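Student: So the sequence shown is residues -18 to -1, 1 to 229, counted in mature numbering (1 follows the signal peptide of the UniProt record, and there is no 0). Glycine is no exception: its CB is placed at the ideal position from the N, C-alpha and C atoms. Keep in mind that this is a model prediction, so the values were computed, not measured. Let me begin by handing over the structure; questions about it come next.
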Amino acid sequence: MWALAVILGLLALGALQAEGINTSLIHPTQKTNPPKKHPPKNKPQKPPKSAPTSERWIYSSAFLTAYFSDGHYKQGYGLLLSNGNYLSASSLVFDQGMYAQTIMARMQDDSAPLLICVARLRLKAIDRNRGLSLLGTHVFTNDNCQVRPESYYHARIYKKYAQNLLAHSQTPSTKALYYPQVGSQNAFEVQSLHHPSSLQDTPLGRPLFNGHGVFMGMLGDQQNQIKVIKRGVITDFLRAMQKHKLL
């Protein structure tokens, strides 16, 4: 992957710098012994820069593209759950009377700072009254969105960053909400939600977290108006999915 190429490049650069000789320190009239060359030392590589603990939820977030049978598509967000499931808004995968036929998921983690394709998803359940949908992993994909077997990278993301929203029943109060947004560098950036009315054109399905990284809800729509689907509504939906053995 490109991350390996970058590391090899840094090692090569370190070797060249270690073997360089500063000729300005050599006096022309004084006989000097040539400096002894020492084998370049491998400099310890710094670990990939990761998000603060309170913002590691960006690695649980997915950027989704839903394709429909008539050729149009919609883009939005989702949240990785356990067992390869994803939570998203119902209106992202149901549009103009049609259900999405193909849903592509792109994610990132602390070992790859850019968004890459990870899986094709399928619709498992939808609740248009609550404004929610449950998606499942259909097949895994490589960086170019082509089908491939599950890799260590896939297993790492699914195990490390899956959210268990039914583990805690209480919803803490909060004044500020944060959500992921794909930035100009093709990576997630953390944005602050001030008021839903200012996000009428925002992609749907964005997960919302408080300043401590606790999931608080998701952006959905109702009668073409952006709304916050609260955590309690979402946990009720997930319990219903659990009852039907879909989680």
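For the candidate residues Gln163, Phe191, Thr119 and Ile139, whose alpha-carbon lies nearest to that of Ala94?
Tutor: Sequence index remark: in the sequence shown, residue 94 carries index 112 (1-based). Considering only alpha carbons, the answer is Ile139.
Student: Does DSSP classify Ser133 as helix, strand or coil?
Tutor: Residue numbering aside, residue 133 sits at position 151 when the sequence shown is read from its first letter. It is coil, neither helix nor strand.
Student: Quick check: Gly113 and Ile211, are their CB atoms within less than 8 Å of each other?
Tutor: The residue given as residue 113 occupies position 131 in the sequence shown. The residue given as residue 211 occupies position 229 in the sequence shown. Cβ atoms of Gly113 and Ile211: closer than 8 Å.
Student: From the DSSP output, read off the bridge partner residues of Ala48.
Tutor: Here residue 48 refers to the residue found at position 66 when the sequence shown is read from its first residue. Looking at the DSSP assignment, Ala48 forms a beta bridge with Lys56 and Ile85.
Student: Determine, using beta-carbon pairs with one atom in the segment 62 to 75 and one in the segment 161 to 171, whether at least three such pairs fall under 8 Å.
Tutor: no
Student: When the Cα atoms are used, what is the spatial distance from Asp218 to Ser73?
Tutor: The residue given as residue 218 occupies position 236 in the sequence shown. The residue given as residue 73 occupies position 91 in the sequence shown. For the pair Asp218 and Ser73, the Cα-to-Cα distance works out to about 19 Å.
Student: Quick check: the Cα distance between Ile216 and Cys99, rounded to an integer number of angstroms?
Tutor: Counting from one through the sequence shown, the residue named residue 216 turns up at place 234. Counting from one through the sequence shown, the residue named residue 99 turns up at place 117. In a straight line, the C-alpha of Ile216 is about 26 Å away from that of Cys99.
Student: Starting from Gln224, follow the alpha helix (DSSP H) in both directions and report where the run begins and ends.
Tutor: Counting from one through the sequence shown, the residue named residue 224 turns up at place 242. Arg213 to Lys225 is the span of the alpha helix (DSSP H), which, as asked, contains Gln224.
Student: How long is the line joining the alpha carbons of Ala44 and Gly58, rounded to whole angstroms?
Tutor: For the purposes of this step, residue 44 is identified with residue 62 of the sequence shown, where counting begins at 1. For the purposes of this step, residue 58 is identified with residue 76 of the sequence shown, where counting begins at 1. Roughly 9 Å separates the two Cα atoms.
Student: Does the beta carbon of Tyr135 come closer than 8 Å to any beta carbon on chain B?
Tutor: Included in the structure is just one protein chain, with no chain B present.
Student: What is the C-beta distance between residue 230 and Ile108, in whole angstroms, given that I count them as a contact (C-beta under 8 Å)?
Tutor: This structure cannot speak to residue 230, because the chain is shown only from -18 to 229.
Student: Taking residue 245 as the reference, which of Gly187, His226 and Phe197 has the closest Cα?
Tutor: Since the first residue of the chain shown is -18 and the last is 229, residue 245 is not available in this structure.
Student: Just mark Leu103 as buried or exposed, buried being the case when its beta carbon has 16 or more other beta carbons within 10 Å.
Tutor: Residue 103 sits at position 121 when you count from the first residue of the sequence shown. Taking all protein chains in view, the Cβ of Leu103 is crowded by 16 or more other Cβ atoms within 10 Å, so the residue is classified as buried.
Student: Could you tell me whether any non-hydrogen atom of the ligand ZN is closer than 7 Å to the CB of Arg104?
Tutor: The ligand ZN is absent from the structure shown, which contains no ligands of any kind.
Student: Measure how close the beta-carbons of Leu46 and Ala87 come, nearest whole angstrom, since I'm counting them as under 8 Å.
Tutor: As a first step, residue 46 must be located in the sequence shown, where it is residue number 64. As a first step, residue 87 must be located in the sequence shown, where it is residue number 105. Right, their Cβ atoms sit about 6 Å apart.
Student: For Tyr81, which residues in the same chain have their Cβ closer than 7 Å to its Cβ, ignoring the five residues on either side in sequence?
Tutor: For the purposes of this step, residue 81 is identified with residue 99 of the sequence shown, where counting begins at 1. Here the set comprises Val75 and Leu105.
Student: Taking Cβ to Cβ, would you say Ser115 is nearer than 8 Å to Ala71?
Tutor: Along the sequence shown, one-based indexing puts residue 115 at 133. Along the sequence shown, one-based indexing puts residue 71 at 89. Yes, Cβ-Cβ distance for Ser115 and Ala71 is below 8 Å.
Student: If you check the beta carbons only, do Gln145 and Leu62 fall under 8 Å apart?
Tutor: Your numbering for residue 145 matches position 163 in the sequence shown. Your numbering for residue 62 matches position 80 in the sequence shown. A contact, by the Cβ cut-off of 8 Å.
Student: Could you pull the start and end residues of the alpha helix (DSSP H) that Ser72 belongs to?
Tutor: Taking the first residue of the sequence shown as position 1, residue 72 is located at position 90. Its alpha helix (DSSP H) spans residues Ser72 to Val75.
Student: Taking buried to mean at least 16 other C-beta atoms within 10 Å of its own C-beta, is Tyr134 buried or exposed?
Tutor: Against the sequence shown, residue 134 aligns to sequence position 152. Its Cβ having fewer than 16 others within 10 Å, Tyr134 is exposed.
Student: Per DSSP, Val172 is paired with what?
Tutor: Stepping through the sequence shown from its first residue, residue 172 is reached at position 190. Looking at the DSSP assignment, Val172 forms a beta bridge with Pro162.
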